[in-house]
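In what follows, a structure is listed as structure tokens, so that the remarks can point back to it.
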Amino acid sequence: MPKHDIFSMPFAKVYPLYVQKAERKERTKDEVDQIICWLTGYTKAALQRQIKRETDFRTFFAEAPGIHPNSALITGVVCGVRVNEIADPLMRNIRYLDKLIDELAKGKAMDKILRQSA
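If you want it as structure tokens, here you go:
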């Protein structure tokens, strides 16, 4: 399995970038948190603990209570790669999160982002 620098990067360093991206497009930090919690199963309090601990992406996803079963419905391209075709589960989860934040910044409705409508 290839090593990726992002795996050892602290989630806390990328989190503010997710929030900034959303806020530039008139979305909120709460919406970013809702997306992260939906994908990972963390509560808001547990998410804040992970950020405070500065866990890396590998640990962040390893300690996640559970990836949402509807995450398999996330499709599209991030950084030129189809997210649903990424073989490495950790990289796929990271790219799923990137894709969801992109959708938020593009103005997509939360129920669509969270794959709640049929």
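Residue numbers for the sequence shown follow the numbering used here, beginning at 40 and rising by one.
Just so it is clear, CB atoms sit at the ideal spot from N, CA and C, and this is done for glycine as well.
Residue i to residue j span [Cα, whole Å]
| i | j | result |
| --- | --- | --- |
| Y81 | Y135 | 16 Å |
| D69 | A126 | 30 Å |
| K145 | K151 | 12 Å |
| N123 | D141 | 15 Å |
| T114 | P55 | 24 Å |
| N48 | T79 | Correcting the residue identity first, residue 48 is Met in this sequence and not Asn. When rounded, the distance between both Cα atoms is 18 Å. |
| E93 | Q59 | 18 Å |
| N109 | R154 | 7 Å |
| D137 | Y57 | 8 Å |
| Q73 | C118 | 23 Å |
Simplified DSSP state of residue i, which is helix, strand or coil
| i | result |
| --- | --- |
| M40 | Because M40 carries a pLDDT of 48, less than 50, the predicted location of this residue cannot be relied on, and the following value inherits that uncertainty. DSSP places M40 in coil when its eight states are reduced to three. |
| R121 | strand |
| C104 | Note on identity: in this sequence residue 104 is Pro, with Cys being the wrong assignment. P104 falls in the coil class under three-state DSSP. |
| A157 | The pLDDT assigned to A157 is 47, lower than 50, so where the model puts this residue is not dependable; a value taken from the coordinates is nonetheless given after this. Coil. |
| D150 | helix |
Boundaries of the alpha helix (DSSP H) in which residue i is found, first to last residue
| i | result |
| --- | --- |
| L78 | K68 to T79 |
| N132 | P128 to A144 |
| E62 | F50 to R63 |
| I90 | K83 to R92 |
| D95 | Element bounds for D95: n/a, residue is neither H nor E. |
Beta-carbon separation (whole angstroms), residue i vs residue j, contact threshold 8 Å
| i | j | result |
| --- | --- | --- |
| F158 | L129 | It is not possible to answer for residue 158, since the shown part of the chain is limited to 40 through 157. |
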